[in-house]
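Residues 257 to 397 in the working numbering are what the sequence shown lists, from first letter to last.
Using N, Cα and C, we set each Cβ at its ideal position, and we do this for glycine too.
These numbers were taken from a predicted model, which means no experiment stands behind them.
Step one of this worksheet: look at the structure below.
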Amino acid sequence: MLNALTPEQLKQAELEGTYRDILAGPQADDAIPEEQEGLSVNQLTNTQKVLLLKAIATYVEDINAIDAKKYMDKYREELDDTVIGYSGTTDLNSEDDYVRVDGPSLWIEFSLQSNKSTNEKGNHPHSVWRDKTDDYGGQTE
């Protein structure tokens, strides 16, 4: 999806700062920023939107087909109010490469981490899919 963006779109999608891990992971139920940052999906071509929907489906289709369809229908409906952002490289093969998809309901993060805890060469991903309106019952107020 990122590699399908034009240079101008990439500039708009680039997030400030470096993200060394996901924001809204375990014990971080209130960590999703209130303001969206990045490139508005309404500026994407239809082909780029199809690639984004395929990326979203990678997460959503991990659940049963009936519920996955409900979520995908909702995310499609909200697509033009969704924003994508990244930091690091667009190849997603280097430490601190990071991508986020932030919609009215949808929140997806992908962060590539070094193997600091094991001291082994290479990187491994951290990732999360959250639904802001229908989450798993976090510690929100």
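Query: Pair within 7 Å by beta-carbon distance, residue 365 and residue 278; Result: yes
Query: Distance between residue 331 and residue 363 (C-alpha atoms, nearest Å); Result: 10 Å
Query: First through last residue of the alpha helix (DSSP H) which encompasses residue 263; Result: 263-269
Query: Rounded straight-line distance, which links the Cα of residue 295 to that of residue 268; Result: 5 Å
Query: Residues near residue 396 in its chain [Cβ-Cβ closer than 8 Å; skip 5 each side]; Result: Bear in mind that the predicted position of residue 396 carries a pLDDT of just 49, short of 50, making it too unreliable to give a figure here.
Query: Bounding residues of the alpha helix (DSSP H) (the contiguous stretch that carries residue 323); Result: 321-333
Query: Which residues DSSP lists as bridging residue 365, in chain order; Result: 356 and 384
Query: Option in 348, 380, 370 and 311 with minimal Cα separation from residue 357; Result: 311
Query: Given residue 282 as reference, the closest of 388, 389, 347 and 384 once Cα atoms are compared; Result: 384
Query: Rounded separation between residue 298 and residue 315 - CA only; Result: 21 Å
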